[in-house]
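Residue numbering for the sequence shown follows this note's numbering, starting at 10 and increasing by one per position.
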Amino acid sequence: MNRKQFLRVVYLGLATIIPLGIISSNSAIGQTGINQSTFQNAALSKHNSYRSTHSSPNMTLSSSLNSSAQEVADNMASTGVFEHSSTKGVGENLFVTYTTASSVDATALANQAVKNWYDEVSDYDYANPGFSAGTGHFTQVVWKNSTQLGCAAAQGVKNFQGNEYNAFYVVCQYKAPGNVSGQFPDNVMAP
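The following block contains the structure:
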């Protein structure tokens, strides 16, 4: 990969920005190329794969959470503001990647976002269970009592360090929400 194609990894506090491979360099600007159904099924599969490692039951897709996540992703794509929503009663993980590619593969995007969140597992202290900003995405992914999942992605444009990039925003919402104080030992099991 050359420097002209991808923005290097940057930390924004809510997610790490990971470059994805170019899927189609000839796509028209403005086309997202994100098949939401493919994206959602891939995100669900990746979540459930990680959850099985931690003795958490499989989640199911929720159409209402998918719709809610889509609203949040669309808002971030239109405003360029990367921040958690004010949606009540759900847990939420966010991810964004910037690239010069005009489209990304839906499965690759879903897998990279969920892997990014799960990779915080290396910093989780099972001997001292609880919330930390450095592991909160991971604990939400595997949270045992979260049984419903809704995910969505949207494409926007972001200017960064004088360059314009296509921004692919990912939002996953969880019901019941995770990261509840006092409930970590029962909801985040060691692999």
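Every residue, glycine too, gets a C-beta built ideally from N, C-alpha and C.
I need the DSSP call for residue i, collapsed to helix, strand or coil.
{"i": "Q157", "result": "strand"}
{"i": "A136", "result": "coil"}
{"i": "S33", "result": "No answer about S33 holds up, because its pLDDT of 30 lies below 50 and its placement is not dependable."}
{"i": "N125", "result": "helix"}
{"i": "A51", "result": "helix"}
{"i": "G191", "result": "coil"}
{"i": "N196", "result": "helix"}
{"i": "G170", "result": "The sequence as given places Gln at residue 170; Gly does not occur at that position. Note: Q170 maps to coil in three-state DSSP."}
{"i": "G145", "result": "helix"}
{"i": "Q40", "result": "With a pLDDT of 38 at Q40, under the threshold of 50, the modelled position of this residue cannot be trusted, and the question is left open."}
Looking at the strands, I want to know which residues DSSP matches up with residue i.
{"i": "L70", "result": "L158"}
{"i": "A176", "result": "Y107, G165"}
{"i": "Q182", "result": "E101, G159"}
Going by CA-CA distance only, name the one from the options that's closest to residue i.
{"i": "A122", "options": "F91, N102, S141, N137", "result": "N102"}
{"i": "T116", "options": "N44, A86, G191, S87", "result": "N44"}
{"i": "V150", "options": "H56, L118, A52, Q49", "result": "H56"}
{"i": "L74", "options": "W126, Q49, G89, S64", "result": "Q49"}
{"i": "S111", "options": "M198, L53, G165", "result": "G165"}
{"i": "V105", "options": "W126, T96, G98", "result": "W126"}
{"i": "V99", "options": "Y107, S77, D132, H63", "result": "S77"}
{"i": "A51", "options": "A119, G143, S190", "result": "A119"}
{"i": "F147", "options": "M198, E92, S95, S46", "result": "M198"}
{"i": "K153", "options": "Y183, F169, H93", "result": "Y183"}
{"i": "Y202", "options": "S46, S61, F193", "result": "No answer is possible for residue 202: it lies beyond the span of the chain, which begins at 10 and ends at 200."}
{"i": "Q79", "options": "P186, S54, A163, S190", "result": "A163"}
{"i": "D2", "options": "E129, P138, S131, Q170", "result": "Residue 2 lies beyond the residue range present for the chain, which begins at 10 and ends at 200; the question has no answer from this structure."}
{"i": "V189", "options": "K167, G171, G145", "result": "G145"}
{"i": "T47", "options": "D114, G191, V90, Y135", "result": "D114"}
Task: Start-end ranges of the alpha helix (DSSP H) lying completely within the segment 58-121, minimum 4 residues - done: Whole alpha helix (DSSP H) segments, 4+ residues: 72-88.
- [ ] Report yes or no: do three or more beta-carbon pairs, one from the segment 153-168 and one from the segment 59-72, lie closer than 8 Å?
- [x] yes
Task: At least three beta-carbon pairs within less than 8 Å, the segment 174-194 to the segment 72-90 - done: yes
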